[in-house]
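Residues 109 to 289 (our numbering) make up the sequence shown, in order.
From the three backbone atoms N, C-alpha and C, an ideal C-beta is built for every residue, glycine too.
Here the structure is a predicted model, which means the values were calculated and not measured.
Below: the structure, in structure tokens.
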Amino acid sequence: MLKTIPILAFAIIAVISAQSFAGGEAFTRGPVFAKYGENATVENGIENAAEQHFKVAFDIFEEVQGDGVNRSFNSVARFINMHVRAGVALANIEVAIVVHGKASPQLLNPEAYEKRFSKANVNQDLLEQLMAAGVTIALCGQSAAFADVDAKDLLPGVKMSLSAMTAHALLQQQGYTLNPF
Numbered sequence: 109m110l111k112t113i114p115i116l117a118f119a120i121i122a123v124i125s126a127q128s129f130a131g132g133e134a135f136t137r138g139p140v141f142a143k144y145g146e147n148a149t150v151e152n153g154i155e156n157a158a159e160q161h162f163k164v165a166f167d168i169f170e171e172v173q174g175d176g177v178n179r180s181f182n183s184v185a186r187f188i189n190m191h192v193r194a195g196v197a198l199a200n201i202e203v204a205i206v207v208h209g210k211a212s213p214q215l216l217n218p219e220a221y222e223k224r225f226s227k228a229n230v231n232q233d234l235l236e237q238l239m240a241a242g243v244t245i246a247l248c249g250q251s252a253a254f255a256d257v258d259a260k261d262l263l264p265g266v267k268m269s270l271s272a273m274t275a276h277a278l279l280q281q282q283g284y285t286l287n288p289f
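This is the structure we're talking about:
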């Protein structure tokens with residue numbers, strides 16, 4: 109009998125743990141971006157959601173891993189989707205993305221991207237949707253110069269900044285907080 113107690117306790121803990129770590133079925137896309145930004149509903153996850161106002165900057169510098177979209181760009185869509193789903197008005201969510209380093213070429217327009225990489229830019233649709241939703245995208249001019257990226261070759265709507273450091277300093281002066289994810 110005493111030998112079965114630890115086994116029974118382990119079985120109960122395993123069942124509870126499995127239930128508390130629900131799989132991906134809890135994650136859905138939308139409501140703003142139908143193809144991006146998977147997120148889960150969290151009841152009462154934000155107090156006074158209708159009264160909240162966000163000004164958030166994201167720092168993106170990593171290149172795409174594999175054939176999919178840049179996970180960091182997708183995280184911006186997730187941030188917007190989950191807050192709108194939680195009751196924050198889209199008009200109350202101001203987001204800026206500062207791109208530098210190896211992520212810089214991901215902002216190239218279709219022709220320039222195709223010429224450089226001999227394939228389509230998988231990030232183009234997501235980036236265009238983000239900008240259509242009001243997201244500001246700034247490219248570090250220093251990274252652009254290093255990567256031989258010319259302003260005329262950028263996706264329409266992408267702004268060139270003197271540097272990523274400058275862009276972040278200006279965004280902080282405008283009240284943006286830096287999201288570390």
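Taking C-alpha positions only, Ala204 is separated from Val164 by approximately 6 Å.
Secondary structure of Val230 (DSSP, three-state): coil. Judged by DSSP in its simplified three-state form, Asn200 adopts helix.
For Ala277, the enclosing alpha helix (DSSP H) has its first and last residue at Ala272 to Gln281. The stretch 179 to 196 and the stretch 234 to 244 touch, with no fewer than 3 CB-CB distances between them shorter than 8 Å. Asp167 counts as buried, since at least 16 other C-beta atoms from the protein chains shown sit within 10 angstroms of its C-beta.
Taking the Cα positions, Ala253 is about 37 Å away from Val192.
Remark: C-beta atoms of Leu263 and Leu215 approach each other more closely than 8 Å. Per the coordinates, the alpha-carbon of His161 lies some 14 Å from the alpha-carbon of Gly242. For Lys210, no alpha helix (DSSP H) run applies, since DSSP gives it neither H nor E. If you ignore the 5 residues before and after Gly176, its C-beta comes within less than 8 Å of the C-beta of Val230, all in its own chain and listed in chain order.
Burial is judged here by how many other beta carbons sit within 10 angstroms of a residue's own beta carbon; Pro213 has at least 16 and is buried. Residue environment for Phe225: exposed (fewer than 16 other C-beta atoms within 10 angstroms of its C-beta).
In the structure shown, the three-state DSSP call for Lys143 is coil. For Ala275, same chain residues with a beta-carbon under 6 Å away, outside a window of 5 residues either side, are Val206, Ala246 and Ser269 in chain order. CA-to-CA, the gap between Ala197 and Pro139 works out to about 11 Å. The three-state secondary structure of Ala194, taken from DSSP, is coil. Judged by DSSP in its simplified three-state form, Asn217 adopts coil rather than helix or strand.
When the five nearest sequence neighbours on each side are left out, the beta carbons in the same chain lying within less than 6 Å of the beta carbon of Tyr221 are those of Asn229, in order along the chain.
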